[in-house]
Amino acid sequence: MTQQIPEPRFCNIGTRTLAYDEVRPEHPQGNVLFLTGLGSNRLGWRGQLPVFGEKYRTFSIDHRDTGDSDLTDADYSTADQADDAAAFLRAMNAAPAHVVGISMGGFIALNLAVRWPELVQSLTLVSTSAGGASHVGPEEAGLDALRPDFTLSPGERARRTYGLIMAPGFLDAHPEAADAIAANADYRPLTPERYARQFRSTRTHDVTADLEKLLVPTLVVHGDADPLVRYENGQHLAAHIPGAEFITYPGTGHIPIVERAEEFNGAVLEFVAQH
Numbered sequence: 001m002t003q004q005i006p007e008p009r010f011c012n013i014g015t016r017t018l019a020y021d022e023v024r025p026e027h028p029q030g031n032v033l034f035l036t037g038l039g040s041n042r043l044g045w046r047g048q049l050p051v052f053g054e055k056y057r058t059f060s061i062d063h064r065d066t067g068d069s070d071l072t073d074a075d076y077s078t079a080d081q082a083d084d085a086a087a088f089l090r091a092m093n094a095a096p097a098h099v100v101g102i103s104m105g106g107f108i109a110l111n112l113a114v115r116w117p118e119l120v121q122s123l124t125l126v127s128t129s130a131g132g133a134s135h136v137g138p139e140e141a142g143l144d145a146l147r148p149d150f151t152l153s154p155g156e157r158a159r160r161t162y163g164l165i166m167a168p169g170f171l172d173a174h175p176e177a178a179d180a181i182a183a184n185a186d187y188r189p190l191t192p193e194r195y196a197r198q199f200r201s202t203r204t205h206d207v208t209a210d211l212e213k214l215l216v217p218t219l220v221v222h223g224d225a226d227p228l229v230r231y232e233n234g235q236h237l238a239a240h241i242p243g244a245e246f247i248t249y250p251g252t253g254h255i256p257i258v259e260r261a262e263e264f265n266g267a268v269l270e271f272v273a274q275h
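Position 123 (the sequence shown) corresponds to 123 in UniProt numbering; numbering is contiguous.
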């Protein structure tokens, strides 16, 4: 059965408008902000929003130039995207928030915690990296995934890309997950130009020198079979952020929020509840 896509909500952050989804209980116990990765949109967190929304005021946003958010024709950095997220949290009166970022969303989450630590109650970093000279580059399958085939339909392109970066055989064994990934990608798909701008933003990311100064409670989550942002990057984050907790998912690729959804949700909810 096809999951219905909710109507986007919109938040004006001064220079632009960001689209977002929100789920909240009657009496929220705090705020949670989900930040998605390269080439994705806010729908990538549909396996998390209703679960976290049972206890917390829970948001997922479309980054600038993505989904239903305002488009741009100028390049930007992950620090700019972090400033967008900061402005969103302030505008929504949702700070401090437990911030959860995957891949590029983790780049943005790290920049947010470095630049605006007062807005971040806890930090969950999924399949991500400090960037810069410390970054361990992708395997061949990961490199291939970074070159999306825009001759394919958005849904087929996403099936191909995710098939390369998730654990081998996962999508074949879980056709419902493959269908959901394709449906998300079919909604407001990125153009080649917008994808290129977003990819260039990831190249600006480097918080290596700031990790030791991070005092935000941090959970690092990584699959040890991630061909895109390799496992060594998660190890580096966990080793250099003071007091960071580290969860390894064996035999798991780049998308533990799907590949290990139930375990992931439970572990992050437990971490968030402690902080």
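Glycine included, each C-beta is placed from N, C-alpha and C at the ideal position.
- Comparing alpha carbon positions, the residue from 177, 138 and 167 closest to residue 155 is 177.
- One alpha carbon belongs to residue 42, the other to residue 34, and they sit about 8 Å apart.
- Under the three-state reduction of DSSP, residue 56 is assigned to coil, being neither helix nor strand.
- When rounded, the separation of the alpha-carbon atoms in residue 258 and residue 197 is 26 Å.
- Distance between residue 192 and residue 27, taken at the CA atoms: about 42 Å.
- Straight-line spacing of the CA atoms in residue 246 and residue 208 works out to 18 Å.
- The residue among 71, 36, 77 and 24 with its C-alpha nearest the C-alpha of residue 53 is 24.
- For the set 273, 243, 233 and 224, the Cα lying nearest the Cα of residue 260 is the one of 224.
- Our two residues, residue 130 and residue 63, have alpha carbons roughly 20 Å apart in a direct line.
- Proximity to residue 236 across 50, 47, 161 and 133 peaks at 133, based on C-alpha coordinates.
- When the five nearest sequence neighbours on each side are left out, the beta carbons in the same chain lying within less than 8 Å of the beta carbon of residue 215 are those of 117 and 242, in order along the chain.
- In this structure, residue 78 and residue 204 form a Cβ contact; the two beta carbons are roughly 6 Å apart against a cut-off of 8 Å.
- Annotation: the continuous alpha helix (DSSP H) that includes residue 236 extends over 231 to 240.
- Under a 10 Å Cβ-count criterion, residue 12 is classified as exposed, with fewer than 16 other Cβ atoms of the shown protein chains found around its own Cβ.
- Counting C-beta pairs closer than 8 Å gives fewer than three between the region 263 to 272 and the region 160 to 174, which falls short of the contact rule.
- Contact between the region 175 to 189 and the region 88 to 99 is absent, with fewer than three C-beta pairs closer than 8 Å.
- Counting only runs that start and end inside the region 95 to 137, the beta strand (DSSP E) elements of at least 3 residues fall at 97 to 102 and 120 to 126.
- Residue range 192 to 202 is occupied by the alpha helix (DSSP H) that includes residue 193, with no beta strand (DSSP E) assigned at that position.
- Under the three-state reduction of DSSP, residue 12 is assigned to strand.
- Check the Cα spacing between residue 20 and each of 161, 51, 38 and 58: the tightest is with 58.
- Here the alpha carbons of residue 229 and residue 163 stand approximately 15 Å from one another.
- If you draw a straight line from the Cα of residue 250 to the Cα of residue 152, it is about 32 Å long.
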